[in-house]
Every structure is written in C-alpha cells, then in structure tokens.
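A.B. asks: In the numbering used here, the protein residues as written are 1 to 459. In this text, a Cβ means the ideal position worked out from N, Cα and C, and glycines have one as well.
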Amino acid sequence: MYPWLSKTLYYAVQTFTGMKLYARLKKLGETQWYAREDLKELQWQKLKKLLQHANKHVSYYQKKFKNLGLSPDDINGPEDFRKLPFLTKDDIRNNLSDLKALNIKHFIADCTSGTTGTPLTFFKERSTSGYFLAAKYRGHRWHNINIGDKEVKFWGLPIDQRPKWREHIKDFILSRTRFVAFDISRETLRQHFKACQRIRPKYMYGYSSALYRFARYLKEEGIDATRLNLKGVISTSEILYDFERKLIEHVFRCRMINEYGACEAGVMAFECPEGKMHITVENVYLEILKEDGQPAQRGELGEIVVTELNNFAMPFIRYKIGDLATYVDEEERCGCGRGLPLIGEIVGRALDTAITPAGKMLHAHVFNYIIRSAISHGADIKEFKIIQKDKHKLLIRVVASKKLKEEYRNYITTQIKNLMGENIKIDFEEVESIPLEKHGKFRFFVSEIPALRKDEESG
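#1: From GLN52 to PRO72, what does the alpha carbon distance come to, in whole angstroms?
#2: Would you tell me roughly how many angstroms separate the C-alpha atoms of TRP165 and ASN258, rounded to the nearest one?
#3: With a cut-off of 8 Å, do at least 3 Cβ pairs link the stretch 128-142 to the stretch 19-33?
#4: Would you kindly report the start and end of the unbroken alpha helix (DSSP H) that includes ILE169?
#5: Please look up how many angstroms separate the CB atoms of GLU282 and LEU28, rounded, as I've assumed it's under 8 Å.
#6: Can you check whether the CB of ARG190 is closer than 8 Å to the CB of THR17?
#7: Where GLN197 and LEU324 are concerned, what is the direct C-alpha to C-alpha distance, given to the nearest angstrom?
#8: Give the range of the alpha helix (DSSP H) segment to which LEU218 is assigned.
#9: Is TYR327 helix, strand or coil when you go by DSSP?
#10: Would you decide whether THR112 is buried or exposed? Buried here means 16 or more other CB atoms lie within 10 Å of its CB.
#11: If I'm right that VAL180 touches LEU157 with Cβ under 8 Å, what's the distance once you round it to whole angstroms?
#12: Going by alpha carbons, who is nearest to ILE317 out of ARG82, ILE371 and PHE107?
#13: So for ARG126, helix, strand or coil by DSSP?
#14: I'd like the ranges of any alpha helix (DSSP H) spanning at least 4 consecutive residues and lying wholly in the stretch 228-261.
#15: Looking at the structure shown, is LEU289 part of a helix, part of a strand, or coil, going by DSSP?
#16: Figure out for me which residue from LYS402, MET204, GLU407 and ILE386 has the closest Cα to the Cα of HIS449.
#17: Which stretch, first to last residue, makes up the alpha helix (DSSP H) that contains VAL13?
#18: Can you give me the start and stop residues for the beta strand (DSSP E) that VAL176 sits inside?
#19: Which runs of the beta strand (DSSP E), 3 residues or longer, sit entirely within the stretch 308-391?
#20: For ASN103, count neighbouring Cβ atoms within 10 angstroms of its own Cβ and tell me buried if that reaches 16, exposed if not.
#21: Out of MET314, VAL306 and GLY339, point me to the one whose CA is closest to VAL58's CA.
#22: From VAL233 to LYS63, what distance separates their C-alpha atoms?
#23: Which of helix, strand or coil does DSSP assign to THR115?
#24: When you compare only the Cα positions, how much space is there between ILE381 and TRP4?
#25: If you compare alpha carbons, which of LEU240, LYS202, GLU238 and TYR207 is closest to THR226?
#26: Answer yes if the stretch 402-409 comes into contact with the stretch 354-368, meaning at least three C-beta pairs across the two stretches below 8 Å, and no otherwise.
#27: DSSP state of TYR411, grouped into three classes?
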C-alpha cells in the first residue's frame, strides 16, 4: 500500500474509534519545542486536573486523600506530591473496582504481558490510546520514519480470533509485516530474512532480544543485511543493552533507536537523533527515587515511579512500574533543541535483584557486564541466563558454539565471587538453547529465592 494511503486510512480509523491520533500527534509536534518551563507548567496543570478528578470520582483515591488529611489543592509542588502513596500492582489487583472512575461509563480493558508473573488487568479510556500512539509516532518522526512506511515487527499475536483479526487488519493498513517473536529457530529466521528481501521494509520494530537474535543469526550465517537499506531499528518493551545495540547497528548498518514504554503508561521516553532519551512530559509525570523515597540526584540510580496524565477512567498515580534508571539533571539540555527533559540509562527491573550470602542486594545488571567482559576476552558465549537458586547458589546456563573453556569459567566465577563473596557456589550448565519467557521476551536473570519470587509474581 502507498504510504500516503496507509496514513490516511489509519488516521481515519483512529478518528472513528475516538483516539484522535492526528490531532494528538500534531499537538505533540508543537509542544516538543516548548521552553522547559512552559513544558513543566503544562505537565503540572495536567497533573492537578488528574488529581482533582481522582479525588472527586475515584473511590480508591478519595479514601487515600481523606486518610492523609489532604486535598488536591494542597498539592502545589513535587514535595507535596510525594506525600501521596505509591500505587503498586498488588494495589491494583486488590482494588480494581475502586480504582475505576465513577463518572466514566465507556472504557476498555487492557492487560500487561505478565512476563514475570500474572498479567495485570487495568482499564483506560479509548482516547488514552490516542495519546500513547501519538507519543510513539512522534518519536518515529524524529528519525524520518512515518505512519505507513513499510515495517517489520517482531512481536506477539493474540490467541483469540477476534483480537487476532483486529491485529491483522491493523498490520494491513499500516503496511506492517509481523514476525511472531516466540519462534526463533534458525529456519524461521532464514525465512524472516527472505521475507525482508521481498518486502523491503523501511524499518524494524520489536523486542530488543528478538531483534538481537535475528541480527546475530545473520552475522553467524555471513548474510549481508545492509542490502535491506533500513532507515532504523526500533527497540521497545525490553531493556536495550549496549551489546545488543552494537551488534544490531553493525549488522544492519543503520541507527538503533530506543523506545521506553509500558502498557500502563504508553511511551514514556524516546531516543532522539542525538542519542538522548527524552521524557514524554505531555503524557507522564516521572519520578526517579532512591530507596528512601527521595529524588535521585544527578547520576544516581533510582526507581521509576510514573503518573500517567491522560487516563481518567483509571488513574495511575505514583505507580511503581518496576524499572530503574539514572537521573539526569532537569536543567541539562540536548543538542537536538527539544525542550523535553532527559532520562539517563534505563538499566532494568527493580525486581532483577540478586542477594549475596551475606544478605547484600545487587542489581543483576552487574552479571551482564561480567559475562560481556568474558566474551571480550574470548569466551564463545552466544546466550546466557543466570538463575539464583538460593542465597548461596547460582546456576549459569550458557549457549556456546563449542565447550566453554575452563579459563573462562574461572574468570566468570572469580568476578562474581569478588562481588558476592567466597561462599557463593556457581555451577555452569551448557545447553543448546534457552527458551524465551511468555510473550516472546527474554530475561537473563531469574531469582528463585522465595521472598523475591513472591514479589516478582505480583508484578
């Protein structure tokens, strides 16, 4: 389908269904150039409006404000806002009916992928999806990728027939070819590349781990992927690691672009051509908080807490999304000229935590650095997964072209013991493949420690 026709049809469908994508996207195209102070004012006014609505129409928040002895009029700055309690996934599951606004009759149900446990059901207005899509497509435009450009998408597909056909129709309208991310056999990947040669997509979009595995297959087979002449590869829904970015950019010889979002809040940040991640402040209010609940300072790692500003059917206020990121000073500017503030490196889920025999907690991201260091020293590791059985035992599963040499096992063991202490027992298990999690995602660390599993399964 011609891109202009695809775009026209898609806008028409979105307008008919009440999402008003064209208007939302046009507005975001304007606000991205606002001065930082004007954006902060816009964001704060939307936040105040949401708080007033929640206190008036949402039973859950009415009780919270009453118990705190506060009203939305008392919230006049970030410090006041931090007096409000966090919203967790367990809070949502246990109070689902009380979280729905009483004055909104028409809403749609949605749910998270449930990669780490039970999927989370929530509700939103149909128009909310228009804001989510507008943030996504604004980010695409930054890289000269537009609605209707031919796309290859590494993603899942609903099992039930009605939503499956709905996705097929959207794929057709958007000139989008979907590769189901669950099947990563070499024959399937070979067929994917043949399809790409036929389709000639302008860009690829999908889970970072699926895109990485596809790129790695092409490199191993010596296939020249540069002839696809891609404009870009966009990663979403998973943390994008440096080693994934480097390989994908090397194989396709195009820009790797990071999109950070979640089902509950839409696209929260998007990478610009300068390589910086800009926060979608028109749609979300993000906090990056230390363990004591206070704001992280420049360069500090903290937990992301999000307030989505457009979903009045079921407000997410101070929602613990479960990810960690580095705080960037709000006064820091980007060379691209946009007024949108920045967020630093997004390193993974707050639940991806290892515990040493002494009880110290470590973010599992450190294992990624250790394994990558071993690879840089010559270890032939294609994939790995680390499973913490208990405080004293780690199992490292590796996929390698040939048997992993003892020197590399010793190197990895030494580095981990330097962090976790001599009392940690480390076993290696070489396997032919490592299966994906549900919904086609990949996790390189899993804790089987009961206390953490309980937290994780609630997320």
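C.D. replies: Straight from the coordinates:
#1: Locating residue 52 in the sequence shown gives position 52, counting from the first residue. Locating residue 72 in the sequence shown gives position 72, counting from the first residue. Cα-Cα distance, rounded: 6 Å.
#2: For this step, residue 165 is matched to residue 165 along the sequence shown. For this step, residue 258 is matched to residue 258 along the sequence shown. One C-alpha to the other measures close to 28 Å.
#3: yes
#4: Locating residue 169 in the sequence shown gives position 169, counting from the first residue. Where ILE169 is concerned, the enclosing alpha helix (DSSP H) stretches over 161-173.
#5: Along the sequence shown, read from residue 1 onward, the residue named residue 282 stands at position 282. Along the sequence shown, read from residue 1 onward, the residue named residue 28 stands at position 28. The Cβ separation is near 6 Å, so the contact holds.
#6: One-based indexing of the sequence shown puts residue 17 at position 17. One-based indexing of the sequence shown puts residue 190 at position 190. No, they are not a contact pair.
#7: Along the sequence shown, one-based indexing puts residue 197 at 197. Along the sequence shown, one-based indexing puts residue 324 at 324. If I take the Cα positions, the gap works out to 38 Å.
#8: Along the sequence shown, one-based indexing puts residue 218 at 218. Its alpha helix (DSSP H) spans residues 208-220.
#9: Start at 1 with the first residue of the sequence shown, and residue 327 comes out as number 327. Coil, per DSSP.
#10: Counted from its first residue, the sequence shown places residue 112 at position 112. Buried, by the Cβ-count rule.
#11: Sequence index remark: in the sequence shown, residue 180 carries index 180 (1-based). Sequence index remark: in the sequence shown, residue 157 carries index 157 (1-based). About 6 Å; that satisfies the 8 Å criterion.
#12: As a position in the sequence shown, residue 317 is number 317, starting the count at 1. Checking every option, the nearest Cα to that of ILE317 belongs to ARG82.
#13: As a position in the sequence shown, residue 126 is number 126, starting the count at 1. Reduced to three states, the DSSP call for ARG126 is helix.
#14: 242-252
#15: For this step, residue 289 is matched to residue 289 along the sequence shown. In this structure, LEU289 counts as strand in the three-state DSSP scheme.
#16: The count along the sequence shown starts at 1 and reaches residue 449 at position 449. Note that residue 449 corresponds to Ile in the displayed sequence, not to His. Selected option, being the one with the closest Cα: ILE386.
#17: Mapped onto the sequence shown, residue 13 falls at position 13. Counting along the chain, the alpha helix (DSSP H) containing VAL13 begins and ends at 3-16.
#18: Your numbering for residue 176 matches position 176 in the sequence shown. One point to set straight first is that residue 176 is Arg, not Val, in the sequence displayed. That run of the beta strand (DSSP E) goes 176-180.
#19: 319-326, 346-349, 353-355, 361-363 and 381-390
#20: On the sequence shown, residue 103 is found 103 positions in, with the first residue counted as 1. Answer is exposed; the Cβ neighbour count stays below 16.
#21: Within the sequence shown, numbered from 1, the residue matching residue 58 stands at position 58. When only C-alpha atoms are compared, the closest one is MET314.
#22: As a first step, residue 233 is located in the sequence shown; it is residue number 233 there, counting from the start. As a first step, residue 63 is located in the sequence shown; it is residue number 63 there, counting from the start. Computed Cα separation, rounded: 45 Å.
#23: As a position in the sequence shown, residue 115 is number 115, starting the count at 1. Residue placement at THR115 is flagged as unreliable, the pLDDT there being 48, under the threshold of 50; the coordinate-derived value follows with that caveat. Looking at THR115 - three-state DSSP - the assignment turns out to be coil, as it is neither helix nor strand.
#24: Within the sequence shown, the letter at position 381 stands for residue 381. Within the sequence shown, the letter at position 4 stands for residue 4. Taking the straight line joining both Cα atoms gives about 45 Å.
#25: By one-based count along the sequence shown, residue 226 stands at place 226. Nearest C-alpha to THR226: LYS202.
#26: no
#27: Within the sequence shown, numbered from 1, the residue matching residue 411 stands at position 411. In this structure, TYR411 counts as helix in the three-state DSSP scheme.
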